[in-house]
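Below is one structure, written out as structure tokens; comments come after it.
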Amino acid sequence: MAKLDENLEKTLEAPVAEPKKSMINPKVFLIGLPIFVLQLIVVYFVTANILLSKIQGHAEAVGDSTQVKNVSEAEQKDSAQKHVELGKFVFSIVDIIVNPAGTNGQTLMLTDVGVDLPTQESLDIFKSKEIVVKDVIVSILSSKRLEQLSNAGYKDTLKAEITQNLNKTFPGSKINNVYFSKYIIQR
Numbered sequence: 040m041a042k043l044d045e046n047l048e049k050t051l052e053a054p055v056a057e058p059k060k061s062m063i064n065p066k067v068f069l070i071g072l073p074i075f076v077l078q079l080i081v082v083y084f085v086t087a088n089i090l091l092s093k094i095q096g097h098a099e100a101v102g103d104s105t106q107v108k109n110v111s112e113a114e115q116k117d118s119a120q121k122h123v124e125l126g127k128f129v130f131s132i133v134d135i136i137v138n139p140a141g142t143n144g145q146t147l148m149l150t151d152v153g154v155d156l157p158t159q160e161s162l163d164i165f166k167s168k169e170i171v172v173k174d175v176i177v178s179i180l181s182s183k184r185l186e187q188l189s190n191a192g193y194k195d196t197l198k199a200e201i202t203q204n205l206n207k208t209f210p211g212s213k214i215n216n217v218y219f220s221k222y223i224i225q226r
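Start counting the sequence shown at 40; every next residue gets the next number (the working numbering).
Pasting the structure below:
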């Protein structure tokens, strides 16, 4: 028991340690901050590469003709010689009226579409197959939701999709461009 009393006296005599003031450990700045910055850089590059590949994949699926391609000087000279005069052979379809998908007939879209063709023969083919051309365009427009059609930036995607589908329907005619001369949505 004497030993117990002696230990108790030592603990009572020992100075009571005051709680340390909270100080930021310098190791946090020396080790933690560079690791955090490194993680941010890795996340940025991974995200950028994933998003870029998805965007490029979507553009290829839609047949986006705005992708930049490396073209040699010889190919550039050939294309300059074969320069196509835009707007020379335009096949126009006026007053196409469709109900966008998911609107239950409550919304109408009125549009005029012009298809720019490279030759008079292509224009003659499109004139003789006007009902087929209209069907392709109406099918594409009526399959789109109102949110898509209302987005001004989505018009280029529509043009690319119309071009791609018409090129599949008429493989002998290469379409230069598609134009919207009227694009009205009535809710």
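Glycine included, C-beta positions come from ideal geometry on N, C-alpha and C.
The C-beta separation of SER212 from ILE164 comes to about 6 Å, placing the pair in contact by the 8 Å criterion.
The continuous beta strand (DSSP E) containing LYS221 extends over residues 216–225. DSSP places ILE136 inside the beta strand (DSSP E), whose first and last residues are 128–137. For a cut-off of 8 Å, the C-beta gap from VAL152 to VAL217 is around 7 Å, short enough to register as a contact.
Taking a C-beta distance under 8 Å as the contact criterion, ASN138 and LEU149 do not qualify as a contact pair. Contact check for LYS173 against ILE223 fails: the beta carbons are separated by 8 Å or more. Take GLY141, set aside five residues on each side of it, and the residues of its chain with a beta-carbon closer than 8 Å to its own are ARG184, LEU185, in chain order.
Relative to ILE179, the option among LYS166, GLU169, THR202, LYS168 whose CA is nearest is THR202. If you draw a straight line from the Cα of VAL76 to the Cα of TYR193, it comes to about 37 Å. Secondary structure note for LEU162: its alpha helix (DSSP H) is the uninterrupted segment 159–167. Here the alpha carbon of LEU156 sits roughly 18 Å from the alpha carbon of ASP195. The three-state secondary structure of LEU156, taken from DSSP, is strand. In the three-state DSSP reduction, ALA191 falls in the coil class, being neither helix nor strand. Taken through DSSP and simplified to helix, strand or coil, THR150 comes out as strand. With respect to the 8 Å criterion, VAL175 and ASN206 are not classified as neighbours on the basis of their beta carbons. In this structure, GLN159 sits away from PHE209, with a CB-CB distance that is not shorter than 8 Å.
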